[in-house]
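Below: one structure, written as structure tokens.
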Amino acid sequence: MENINDYKALAFFDLDGTLLNAQSQLDQEVIDGVHRIRENGILPFIATGRGHFELDAIMEQTGITGAVAMNGQYIVLDGKTIYKEEIPTSSVKKLLQASETQREALSFYDSHGYWVNALTDFAKKAYAYTHMPMPEVDATRYLSQEVNMLLVLTNQLSQVDYYKEAVPELNFFMNSPSSIDVTNRTTNKGTGLLHVKDVLGFEGDTFAFGDGRNDLDLFKAADYRTAMGNSVSELKELADFISTENTNHGIINAFKHWDLM
């Protein structure tokens with residue numbers, strides 16, 4: 001469509017636990033469904049904690065051309081960066097000091113890829129969880145390269161409070177069983193949704209689909225909110241509709257509920 005406001009709505013999709021199956025892959029019915037909602041006037045976006053550089057195959061299969069990546073820290077549309085934020089080096093240093101006392105590794109994300117300061121056994125498990133390649137190890141690259149997002153590689157939810165106290169200028173939330181996502185304090189998927197609307201000048205409705213704690217702010221910013229059946233309880237409380245699990249036709253059932261297909 002030539003005019004963005006010819007679209008009925010924008011739809012923002014989390015990936016792991018939402019759009020993707022248990023193997024972090026797209027089922028054919030989901031691929032077909034995303035194409036059908038676009039044909040029906042709904043413009044789809046990915047909204048994820050992953051880096052935009054990890055999304056090429058998913059975007060190619062679904063025809064999605066926009067992504068709120070790194071939990072709102074990096075946004076791309078039609079192959080171009082339309083918004084990004086850097087995490088200050090001073091804050092990264094504070095986080096490193098805090099993580100060293102806990103013997104927990106950090107993962108660093110920039111515009112091209114990711115790396116870790118130490119490839120611990122737990123770091124290996126964390127990347128195996130999302131079926132992603134093992135990261136490179138570099139303890140000092142952050143000093144000379146922009147960092148757009150960080151992960152604390154841990155399976156302890158209680159560590160969120162520890163890091164919030166240690167580095168209060170950053171935002172911490174447990175997004176997977178193996179990591180805590182780290183962004184600037186005022187940045188999240190919800191601010192990413194608002195940036196997209198602002199850049200495009202879109203005035204219509206917005207839909208959000210998710211399952212995790214990093215989708216809470218996305219839900220607060222969206223007009224219509226769908227939680228997968230496998231979602232955390234906090235997200236279900238915000239949802240307008242709770243679908244079936246992502247592994248049980250969750251996205252397709254949501255499309256049918258909202259009459260998007």
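Residues in the sequence shown are numbered consecutively from 1, following UniProt numbering.
Think of the CB as a built atom: it goes at the ideal place given N, C-alpha and C, for glycine as much as any other residue.
Computed from a predicted model, the values in this text were never measured in an experiment.
When the Cα atoms are used, what is the spatial distance from N5 to V137? 45 angstroms
In angstroms with no decimal places, state the Cα-to-Cα distance between I46 and D211. 14 angstroms
Cβ pair G33, K8 closer than 8 angstroms: no
With 16 other CB atoms within 10 Å as the buried threshold, where does S231 fall? buried
At the level of alpha carbons, what is the spacing between residue 325 and K220? In this structure the chain extends from 1 to 261, so residue 325 is not present and cannot be described.
Whole angstroms are fine: how far does the CA of M174 sit from the CA of L157? 6 angstroms
Counting pairs of beta carbons, one from the stretch 63 to 77 and one from the stretch 142 to 155, are three or more of them closer than 8 angstroms? yes
Buried or exposed, going by whether 16 or more other CB atoms sit within 10 Å of the CB of N3? exposed
List the residues that DSSP assigns as beta-bridge partners of K80. L77
Taking 8 angstroms as the threshold (C-beta atoms), are D181 and G51 in contact? no
Alpha-carbon to alpha-carbon, L218 and K189: 5 angstroms
Please confirm if H52 has its CB atom under 8 angstroms from at least one CB of chain D. Absent here is chain D; the protein component of the structure consists of one chain.
State the beta-bridge partners of F53 as determined by DSSP. F53 pairs with nothing; no bridge assigned.
Using CA atoms only, rank isn't needed, just tell me which of T81, S144, Y163, L143 is closest to V152. Y163
Am I right that Y142 and V92 are in contact with their C-beta atoms under 8 angstroms? What's the rounded C-beta distance? 5 angstroms
Can you find the residues in the same chain that come closer than 8 angstroms, C-beta to C-beta, to L238, ignoring five residues on each side of it along the sequence? L216, F219, K220, R225, A227
Exposed or buried, what is A22 when buried is set at 16 or more other beta-carbons lying within 10 Å of its beta-carbon? exposed
Do D78 and Q65 have their beta-carbon atoms positioned less than 8 angstroms apart in this structure? The sequence given here places Thr at residue 65; Gln does not occur at that position. Yes, the Cβ-Cβ distance between T65 and D78 is below 8 angstroms.
Local conformation of A9 per DSSP, three classes: strand
Kindly indicate which residue of G201, L106, D161 has the alpha-carbon position closest to the one of L178. Note that residue 178 is Ser in the sequence shown, not Leu. For S178, the nearest C-alpha among the options comes from L106.
Taking all protein chains shown into account, decide if Q159 is buried (16 or more other Cβ within 10 angstroms of its Cβ) or exposed. buried
On the DSSP letters alone, give me the boundaries of the beta strand (DSSP E) that A226 sits inside. A small fix is needed here, since residue 226 is Thr in this sequence, not Ala. Taken as a continuous stretch (DSSP letters only), the beta strand (DSSP E) holding T226 covers 224 to 227.
CB-CB under 7 angstroms to Y114, same chain, minus the five flanking residues each way: which ones, in chain order? G51, S107, F108, P135
Excluding sequence positions up to five away, which residues of its chain have a Cβ less than 6 angstroms from the Cβ of N171? T183, R185
Can you tell me which of the three DSSP states N253 falls into? helix
Take A98 and list the residues in its own chain whose beta-carbon comes closer than 7 angstroms to its own, dropping the five residues that flank it on each side. Y163, A166, V167
How is the alpha helix (DSSP H) around F202 delimited, first residue to last? First-last for F202: undefined, no H or E at that position.
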